[in-house]
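Step one of this worksheet: look at the structure below.
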Amino acid sequence: MDLIFPKVSVVITSYNNANYLSEAIQSVLDQTVMPYEIIVLDDNSSDGSFVIVQKFQKSNPEVVRGIRNSSNLGVSANRNKALGLSLGDWISFLDGDDYWEPDKLKNELEVLQNKPQVNYVFSNFSFVDQNGKNKTLWDDQGFLAGLEGNDIFNAVVARSFPKGALYRCELIKKSLLDQIGGFDEKLSLYEDFDLKIRAQRSAIVSICPLPGAVYRRHADGLSSVLARKHINALEYVYKKNFSLILELPLPERRDTVEKIRNILFQKRFAEIYEYHRCNRIISLIASLSKLILKHPKRLFIQVFHKTEVCS
Numbered sequence: 031m032d033l034i035f036p037k038v039s040v041v042i043t044s045y046n047n048a049n050y051l052s053e054a055i056q057s058v059l060d061q062t063v064m065p066y067e068i069i070v071l072d073d074n075s076s077d078g079s080f081v082i083v084q085k086f087q088k089s090n091p092e093v094v095r096g097i098r099n100s101s102n103l104g105v106s107a108n109r110n111k112a113l114g115l116s117l118g119d120w121i122s123f124l125d126g127d128d129y130w131e132p133d134k135l136k137n138e139l140e141v142l143q144n145k146p147q148v149n150y151v152f153s154n155f156s157f158v159d160q161n162g163k164n165k166t167l168w169d170d171q172g173f174l175a176g177l178e179g180n181d182i183f184n185a186v187v188a189r190s191f192p193k194g195a196l197y198r199c200e201l202i203k204k205s206l207l208d209q210i211g212g213f214d215e216k217l218s219l220y221e222d223f224d225l226k227i228r229a230q231r232s233a234i235v236s237i238c239p240l241p242g243a244v245y246r247r248h249a250d251g252l253s254s255v256l257a258r259k260h261i262n263a264l265e266y267v268y269k270k271n272f273s274l275i276l277e278l279p280l281p282e283r284r285d286t287v288e289k290i291r292n293i294l295f296q297k298r299f300a301e302i303y304e305y306h307r308c309n310r311i312i313s314l315i316a317s318l319s320k321l322i323l324k325h326p327k328r329l330f331i332q333v334f335h336k337t338e339v340c341s
């Protein structure tokens, strides 16, 4: 007897991903359990991406819906627009330069079969380089085993998942996304991080240990953004969600806050190196002064450690 799965809307958001978009869309069409719909939202690309979307829509009209924005909305507004258009009871997002393993949806939906209370599922995933080579597993040490409740929330807030990366392409019940308000359109960076923090305080989570998504790392990704933009976005996210962190039991709260301070310190320290590399002396002095005032002990340890390593 065949299992009856809920309706899943897959949302693929894309901006100038013409080199990778076909692989992304095809990976969803190749799922061993098909989604109810695939919404591909092109954010006014200039590289011919939407021509690719139209071809897939023409050959798969029953499942693929292609939409091109008349102006560039940005990633958060683009995803929220897709949420408003979606007809499924569950949502999973895919960036236009990544792709899925064939059993991604099947494995996650099977997790739900015996856990009707769950409204949030995420899986292990893999990394590849920009050419789709050098595939490596995200959690190859069993970190996800036994992770639940506040442990997941703490790991999200402190960004302490394997290899410094958060899980991706989670399967979320649409009612939960409606409850937490979707993506924050003030953010063009860390919008998914902000959503994960808010979702984890309301979610009933189950984890699939099998790899589902494949994340493409390349020079045009988040890591290429200037350090100051990272800092501003992270500070905004942490301040916005600090009341949720305060709900934690005291020992966990202290540990999580300490990890947040260290994350921000590392980003500020990276900013100093960036100013040094670009020979922006005035900006370097200003950032270093702030770092001395806010993190004197951490700065001493960081510099002392680097001096020892280099000597």
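Residue numbering for the sequence shown follows the working numbering, beginning at 31 and increasing consecutively.
We treat Cβ as the ideally placed atom computed from N, Cα and C, and that holds for glycine.
I need the boundaries of the alpha helix (DSSP H) containing Thr286, first residue and last residue. Leu280 to Arg307 is the extent of the alpha helix (DSSP H) around Thr286.
Distance check for Leu225 and Met64, CA to CA, integer angstroms please. Those two C-alpha atoms are separated by around 26 Å.
Alpha carbon of Val58 to alpha carbon of Arg109, nearest angstrom: Using only the alpha carbons, I get a separation of about 17 Å.
What residues are listed by DSSP as bridge partners for Leu177? Partner(s): none; Leu177 has no beta bridge.
Might you give, ordered along the chain, the residues of its own chain that have their beta carbon closer than 6 Å to the beta carbon of Leu71, omitting 5 neighbours on each side? Setting aside the 5 residues that flank it on each side, Leu71 is surrounded in the same chain by Thr43, Ile97, Asn108 and Ala112, each with a C-beta closer than 6 Å to its C-beta; the list follows chain order.
Any idea what DSSP makes of Ser39, helix, strand or coil? Three-state DSSP puts Ser39 in a strand.
Using only alpha-carbon positions, find the residue among Phe191, Asn149 and Glu221 that is nearest to Leu206. If we check each option's Cα against that of Leu206, Asn149 comes out closest.
Along the beta strand (DSSP E) that carries Val81, what are the first and last residues, could you check? Run containing Val81: none in the beta strand (DSSP E); it sits in the alpha helix (DSSP H), Ser79 to Ser89.
Run of the beta strand (DSSP E) containing Val70, from where it starts to where it stops: First-last of the beta strand (DSSP E) with Val70: Glu67 to Asp72.
Is Val186 helix, strand or coil when you go by DSSP? Under the three-state reduction of DSSP output, Val186 falls in the helix class.
Going by DSSP, which residues form a beta bridge with Trp130? In DSSP, Trp130 forms a bridge with Ala243.
Would Asn46 and Ser79 be called neighbours here (beta carbons separated by less than 8 Å)? Result yes, Cβ atoms of Asn46 and Ser79 sit closer than 8 Å.
Can you tell me whether Leu103 is helix, strand or coil according to DSSP? Coil, per DSSP.
Euclidean distance between Cα positions of Ile182 and Gln230: Ile182 and Gln230 have their C-alpha atoms spaced approximately 7 Å apart.
Let's test the definition: count the other Cβ atoms within 10 Å of the Cβ of Arg246 and tell me whether it reaches 16, buried, or not, exposed. Arg246 is buried by the Cβ-count criterion.
Contact under 8 Å by Cβ, Gln61 with Pro146: No, they are not a contact pair.
Where do the N-terminal and C-terminal ends of the beta strand (DSSP E) with Tyr151 fall, by residue? Correcting the residue identity first, residue 151 is Val in this sequence and not Tyr. DSSP places Val151 in the uninterrupted beta strand (DSSP E) bounded by Tyr150 to Asp159.
Starting from Lys269, trace the alpha helix (DSSP H) in both directions and tell me its first and last residue. Residues Ala257 to Lys270.
For Cys199, list the residues DSSP reports as bridge partners. DSSP output for Cys199 lists no bridge partner at all.
Go to Asp119, then tell me how far its alpha helix (DSSP H) extends in each direction, as first and last residue. Where Asp119 is concerned, there is no enclosing alpha helix (DSSP H), because DSSP gives it neither an H nor an E.
Alpha carbon to alpha carbon, how far is Lys88 from Ala185? Give it in angstroms, no decimals. Separation of Ala185 and Lys88 (C-alpha to C-alpha, rounded to the nearest whole angstrom) is 42 Å.
Assumed close pair Ile290, Ala188 - CB separation to whole angstroms, cut-off 8 Å: Taking the Cβ atoms as the reference, Ile290 lies roughly 7 Å from Ala188, within the contact range of under 8 Å.
Return helix, strand or coil for Leu214, following the three-state DSSP convention. For the sequence presented, residue 214 should be read as Asp rather than Leu. Coil, per DSSP.
Between the beta-carbon of Pro241 and the beta-carbon of Phe295, is there less than 8 Å? Their beta carbons are not under 8 Å apart, which means Pro241 does not touch Phe295 by this criterion.
Sorted by chain position, which residues of the same chain lie with C-beta nearer than 7 Å to Phe223's C-beta, five sequence neighbours on each side aside? When the five nearest sequence neighbours on each side are left out, the beta carbons in the same chain lying within less than 7 Å of the beta carbon of Phe223 are those of Leu196 and Val267, in order along the chain.
Given 7 Å as the limit, tell me if Phe155 has its C-beta closer than that to any heavy atom belonging to the ligand NAD. No copy of the ligand NAD occurs in the structure displayed, which carries no ligand at all.
In its own chain, which residues sit with a C-beta less than 6 Å from the C-beta of Ser75, not counting the 5 before and 5 after it? Cβ within range, chain order: Tyr45 and Asn46.
Once DSSP output is grouped into helix, strand and coil, what is the label at Gly172? Shown here, Gly172 sits in coil according to DSSP, grouped into three states, outside any helix or strand.
Does the beta-carbon of Ile227 have 16 or more other beta-carbons within 10 angstroms, so that it is buried, or is it exposed? Buried, since its Cβ has 16 or more Cβ neighbours within 10 Å.
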